[in-house]
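Notes for the one structure printed next.
Residue numbers (full-length UniProt numbering): 1 to 261.
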């Protein structure tokens, strides 16, 4: 069983360290800022062996170069993984391995599947640790939300969300930001009769009042409450007056509403 450390980097970015006690391998997923990552490594006494990048946005990669410099000073040489499709806008000279969609690699005797999840960006990938069922979704599937469509189309994002929705219910979803409060405020406007959502909104409100994190979450909870995963349900379609519309049209509408919210 792998160990997971979740902590903030920058104002509302989450960083993750995944550690295998047996092999001592430790992966960092996305690098918004190097200092909190180094502090967390020191806190646990872990040495960094791997870095997995999900997409090219600055708040997920800007800490990479200084983190690698700090690792070199400690005698560490972590392998850096990133999407082959994003090499033209990533610091490619720092990337050890360019990954293709549906490719698999091994981490600490576990299989990691590279998932193609365009929408937020064209080259966005997610990492699914198969045996422990841990998903690092960054800005594709988020807690009670999904990423804004900066580059991709609604069709791409909807397809990406359906791909992620098909993972096991008990998958641990490690997303990229603490956006749950604002996502909850919106979700209730497009799924107001959802009792599971009402309960979750209360839980999020209580946690954020105490400055507690609301991620990671379980995929089953997202399936039950995240309106972007529920665009094909009668409850959401009815709430947005699109009961006879296609699933894609409903998703497109609620994504547009969230952009204006």
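Every residue, glycine too, gets a C-beta built ideally from N, C-alpha and C.
To the nearest angstrom, report how far apart residue i and residue j are at their CA atoms.
{"i": "residue 14", "j": "residue 237", "result": "32 Å"}
{"i": "residue 163", "j": "residue 147", "result": "15 Å"}
{"i": "residue 246", "j": "residue 232", "result": "8 Å"}
{"i": "residue 178", "j": "residue 209", "result": "13 Å"}
{"i": "residue 85", "j": "residue 126", "result": "13 Å"}
{"i": "residue 109", "j": "residue 93", "result": "27 Å"}
{"i": "residue 117", "j": "residue 22", "result": "31 Å"}
{"i": "residue 234", "j": "residue 250", "result": "11 Å"}
{"i": "residue 258", "j": "residue 229", "result": "14 Å"}
{"i": "residue 219", "j": "residue 69", "result": "36 Å"}
{"i": "residue 10", "j": "residue 244", "result": "43 Å"}
{"i": "residue 54", "j": "residue 124", "result": "6 Å"}
Given a cut-off of 7 Å, decide if residue j and residue i are closer than it, judged by their beta-carbon atoms.
{"i": "residue 47", "j": "residue 76", "result": "yes"}
{"i": "residue 188", "j": "residue 152", "result": "no"}
{"i": "residue 144", "j": "residue 184", "result": "yes"}
{"i": "residue 190", "j": "residue 114", "result": "no"}
{"i": "residue 214", "j": "residue 175", "result": "no"}
{"i": "residue 132", "j": "residue 120", "result": "no"}
{"i": "residue 216", "j": "residue 161", "result": "no"}
{"i": "residue 186", "j": "residue 136", "result": "no"}
Does DSSP put residue i in a helix, in a strand, or in coil?
{"i": "residue 188", "result": "helix"}
{"i": "residue 15", "result": "strand"}
{"i": "residue 148", "result": "coil"}
{"i": "residue 253", "result": "helix"}
{"i": "residue 172", "result": "strand"}
{"i": "residue 140", "result": "coil"}
{"i": "residue 10", "result": "coil"}
{"i": "residue 242", "result": "coil"}
{"i": "residue 135", "result": "strand"}
{"i": "residue 116", "result": "strand"}
{"i": "residue 218", "result": "strand"}
{"i": "residue 4", "result": "strand"}
{"i": "residue 196", "result": "helix"}
{"i": "residue 125", "result": "strand"}
Could you check whether the Cβ of residue i sits closer than 6 Å to any heavy atom belonging to the ligand GTP?
{"i": "residue 118", "result": "In terms of ligand content, the structure shown is empty, and the ligand GTP therefore cannot be addressed."}
If you scan the region 23 to 110 from start to end, which runs of the alpha helix (DSSP H) of 4 or more residues do you find wholly inside it?
-> Runs found: 34 to 44, 58 to 61 and 64 to 73.
Are three or more beta carbon pairs between the region 60 to 76 and the region 100 to 119 nearer than 8 Å?
-> no
Should the region 221 to 228 be regarded as contacting the region 191 to 199, the criterion being three or more beta carbon pairs within less than 8 Å?
-> yes
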